[in-house]
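In what follows, a single structure is set out as structure tokens and then discussed.
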Amino acid sequence: MTEKVKIVTLGCEKNLVDSEIMSGLIDRRGYSLVDDRDDATVIIVNTCGFIDAAKEESVNTILELAELKESGKLKALIVSGCLTQRYKQALMEEMPEIDGIVGTGDFHNITQIVDEAVKGKKPVYVGNPVFNYEQVLPRKLSTARYTAYVKIAEGCDNNCTFCSIPLMRGKFRSRSIESIVEEVKGSRVDGVEWVRLHYAYPGFFTDELIDMIASNPKICKYVDMPLQHSEDAILKRMRRPGRNRDIRELIAKIRSRIPDVSLRTSLIVGFPGETEEDFERLCDFVREIKFDRLGVFTYSQEEDTPASRLPDQVAEDVKEWRANTLMEIQRTVANENSGKYIGKVLDVLVERYDGRSDVYVGRSQFDAPEIDGEVFVTNCSGNIGDIAKVRITHAFEYDLTGEAVL
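Numbering (full-length UniProt numbering), first residue to last: 1 to 406.
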């Protein structure tokens with residue numbers, strides 16, 4: 001009997017790409033990919049293990065799906081991704097529900113793992129993550145027909161003291177430019193109009209890159225560059241590149257060379273040793289810089305990272321209060337920032353129709369999927385996947401409304 005496989009993806013876009021490659025390999029093997037988990041004879045959970053909340057979600061998802069062995073058609077439950085790479089031994093010992101384990105550098109062996117798992121062999125493929133996929137591997141895109149993610153590199157060598165990515169994804173390894181270009185050319189996305197860069201590292205944000213974003217009309221005027229903090233003492237403890245002065249100079253350079261750029265960053269509050277004075281200065285920094293988009297995370301004490309052993313750990317309730325306080329400041333900033341779009345005509349990628357409100361919903365080049373705001377469009381006669389001209393009439397903290405320019 002042909003196995004019916006369901007892949008459940010948790011975590012970031014890197015995991016999504018890995019799942020799409022596994023889907024392509026499974027499809028090429030001749031197994032059926034199914035959407036409904038109740039129909040699946042094999043389920044693969046591609047996990048996240050970045051912070052405590054992600055680990056908890058991954059474990060809960062595994063346990064929930066394991067129940068289908070009793071109530072459904074499930075024969076084998078396979079777990080892949082960052083959680084398995086980091087906690088292989090614990091998963092093997094504490095979760096007998098799992099029938100196969102795959103690390104972040106071994107997912108290209110997924111068909112062999114499925115074959116072994118359904119035979120009850122309990123395969124474990126978790127080695128040193130050195131694999132880097134190339135465009136020759138099959139990949140079934142799971143995103144809408146007009147968009148796709150392209151993974152250009154894997155792993156990290158920067159060794160920030162708070163971060164467990166090197167433990168889960170291995171050392172930095174980049175794909176070749178030729179491989180990336182060939183993948184884009186061979187994708188189902190025809191006539192690429194927008195290219196959006198994610199996860200830029202401030203220490204390597206060069207003048208050449210700034211000028212390329214500024215001059216190329218197909219590159220979104222959007223910079224996603226996690227800074228993590230503003231204060232020198234904290235940045236040093238985090239082992240981050242540069243200091244407050246360097247960050248300010250880089251932001252000023254980006255904004256001067258890329259007109260109307262949308263600048264997104266992420267910040268961590270409650271890092272070990274962060275004082276009230278450090279936090280107040282971070283708040284002042286956010287008020288002053290006025291980021292267009294901001295994500296705030298509480299520090300997660302990840303085992304086996306240098307920061308987990310630092311003194312002066314901050315209490316959880318203090319972390320939560322600081323995160324909420326900083327996001328309240330950002331809401332005021334975002335409300336002020338969004339007003340600049342009123343009266344302007346923006347290109348909006350139309351992504352869905354909201355029948356209850358009778359409006360189309362999409363994104364401008366200044367908003368990334370999932371994490372940023374949306375544009376609600378009235379009087380739109382285009383199709384899903386089209387880029388429409390929209391005159392903005394109202395602005396809110398994160399979202400905009402407007403009318404299609406016919």
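C-beta: ideal position from N, C-alpha, C; glycine also.
Here the structure is a predicted model, which means the values were calculated and not measured.
Counting of Cβ neighbours within 10 angstroms places P217 among the exposed residues, the total staying below 16. In this structure, the straight-line span from the alpha carbon of K121 to that of R86 is close to 22 Å.
In this structure, the alpha-carbon of D284 lies about 9 Å from that of I329. For D224, the beta-bridge partners assigned by DSSP are R264. Looking only at L346, I43, M225, S19, the smallest Cα-Cα distance to K389 is reached by L346. E93 is not bridged by DSSP to any residue.
Here V136 is not near G100, since their CB atoms are 9 Å or more apart. Under the DSSP assignment, G186 falls in the alpha helix (DSSP H) whose first and last residues are 177-186. Beta-carbon to beta-carbon, F162 and I268 are separated by about 7 Å, close enough to satisfy the 8 Å threshold. Runs of the alpha helix (DSSP H) lying entirely within the UniProt domain "MTTase N-terminal" (3-119) and spanning at least 4 residues, in chain order: 13-29, 52-66, 68-71, 82-94, 110-118. For Q89, the closest C-alpha among the options G103, D317, L77 is that of G103. Residues of the same chain with a CB within less than 6 Å of the CB of K75, apart from the 5 flanking positions on each side, are T41, V118 in chain order.
Our two residues, F376 and M92, have alpha carbons roughly 48 Å apart in a direct line. Counting along the chain, V345 sits inside the beta strand (DSSP E) bounded by residues 345-354. Secondary structure of G203 (DSSP, three-state): helix.
Counted as a single uninterrupted DSSP element, the stretch harbouring A307 is not any beta strand (DSSP E), since DSSP gives it neither H nor E.
Here F297 is bridged, per DSSP, to I268. With 16 or more other CB atoms across the displayed protein chains lying within 10 angstroms of its CB, E183 is buried. When beta bridges are read from the DSSP output, E403 appears opposite T378, R391.
Rounded to whole angstroms, the Cβ separation of L25 and P138 is 6 Å, and the two are in contact under 8 Å. Comparing alpha carbon positions, the residue from L33, E274, N109, T401 closest to V5 is L33.
In this structure, the straight-line span from the alpha carbon of L263 to that of R322 is close to 22 Å.
K340 sits exposed, since fewer than 16 C-beta atoms from the chains shown fall within 10 Å of its C-beta.
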